[in-house]
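When you line the sequence shown up against my numbering, it's residues 58 to 325, in that order.
Here a beta-carbon is modelled for each residue, glycine too, at the ideal position from N, C-alpha and C.
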Amino acid sequence: MSRPIQLIVNADDFGFTRDVNEGIVQAHQRGILTATTLMANGEAFEHAVELAKRTPTLDVGCHLAMVQGVSVLHPGRPMPATVAELIGALIRREIQPYEEARAQVQKIVDAGIEPSHIDTHKHTHLLPPVLDAVVRVAREFGIGWVRRPFDFGIGPGVKVGKKAVAVGMRLLKPRFAAKLGALRSTDYFTGFQITGSLNAASLVETLERLPEGTTEFMCHPGYLGTELAAAKTRLKQSRADELAALTSAEARAMIDRRGVRLVRYRDL
């Protein structure tokens, strides 16, 4: 028996800058975006919370940041700048992944947001100590969904380097699935391999290839305003391109043609 094609279009980095926040909300209100994950250590955290409360149809989760920005557990202390630095800090026990994750989720909950799902900045929950922390925090706060970041690679424009990373990520699948236990994840995940190059054409191709079952599509929309232009991120113009793709008539037409159901985590 065939299953419906269900799609969660989930934006990372809610709370990063105000122009990113506005772009995410516009991608939801005028496009196909259904969910987002909120950065507790984002410079525009309060602005994101305000927008979330004014947009109750937007499904909000936690975007836990173990790299970049500053610690929520230890205010003002910089987080490791890269995943490699994070690995070193974990080995030297200079960072407390559970305590940091719990502080970030608690900040989101205290702001009046009831998160439905968790993912991590730079997919750091692929690292066993961070995954252990994420699973523990999700159970503690009753958050039922955790991103399974193993991209099945649909869509054009995949770079060789990202292919190698994707192969390495797939090697972590068995432990990842075993660790989740009763926590849930979508059947499929995509968007990683085309981060930075997503446009209307690649989005349409991705939609055309969606399999039966539930897929999370990761994206990074935003407006390229003064805050984003000044921010430390390689994703600048690409965020505006993603916003245009997510609100395009071509994307909506493909969803309608294939009968894709746009859903949220809290709908499942």
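Kindly indicate the opening and closing residues of the alpha helix (DSSP H) around residue 89.
Looking at the DSSP string, residue 89 is not in any alpha helix (DSSP H), and its letter there is neither H nor E.
If you compare alpha carbons, which of 303, 302, 82, 279 is closest to residue 292?
279
Expressed to the nearest angstrom, what Euclidean distance is found between the alpha-carbon atoms of residue 108 and residue 139?
29 Å
Rounded to whole angstroms, what is the Cα-Cα separation between residue 310 and residue 97?
35 Å
Spatial neighbours of residue 321 in its chain, beta-carbon cut-off 6 Å, leaving aside the 5 residues before and after:
91, 92, 116
Is residue 283 buried or exposed, if buried means 16 or more other CB atoms sit within 10 Å of its CB?
exposed
Which of the three DSSP states is assigned to residue 273 in this structure?
strand
When the Cα of residue 319 is compared with those of 195, 88, 238, which residue comes out closest?
88
The alpha helix (DSSP H) enclosing residue 155, as first and last residue numbers:
154-167
Would you tell me roughly how many angstroms separate the C-alpha atoms of residue 105 and residue 268, rounded to the nearest one?
32 Å
Have a look at the DSSP bridge pairing and note the partners of residue 78.
DSSP lists no partner for residue 78.
Best match in 129, 60, 125, 77 for proximity to residue 277 [C-alpha to C-alpha]
77
Using a Cβ-Cβ cut-off of 6 Å (strictly less than) and excluding sequence neighbours within five positions of residue 166, which residues of its own chain qualify?
none
Ordered list of beta strand (DSSP E) runs contained in the region 109-160, each at least 3 residues
116-121
Residue nearest to residue 62 in terms of C-alpha spacing, selected from 325, 315, 324:
315
Are there 16 or more other CB atoms within 10 angstroms of the CB of residue 70, so buried, or fewer, so exposed?
buried
Kindly indicate the opening and closing residues of the alpha helix (DSSP H) around residue 261.
257-265
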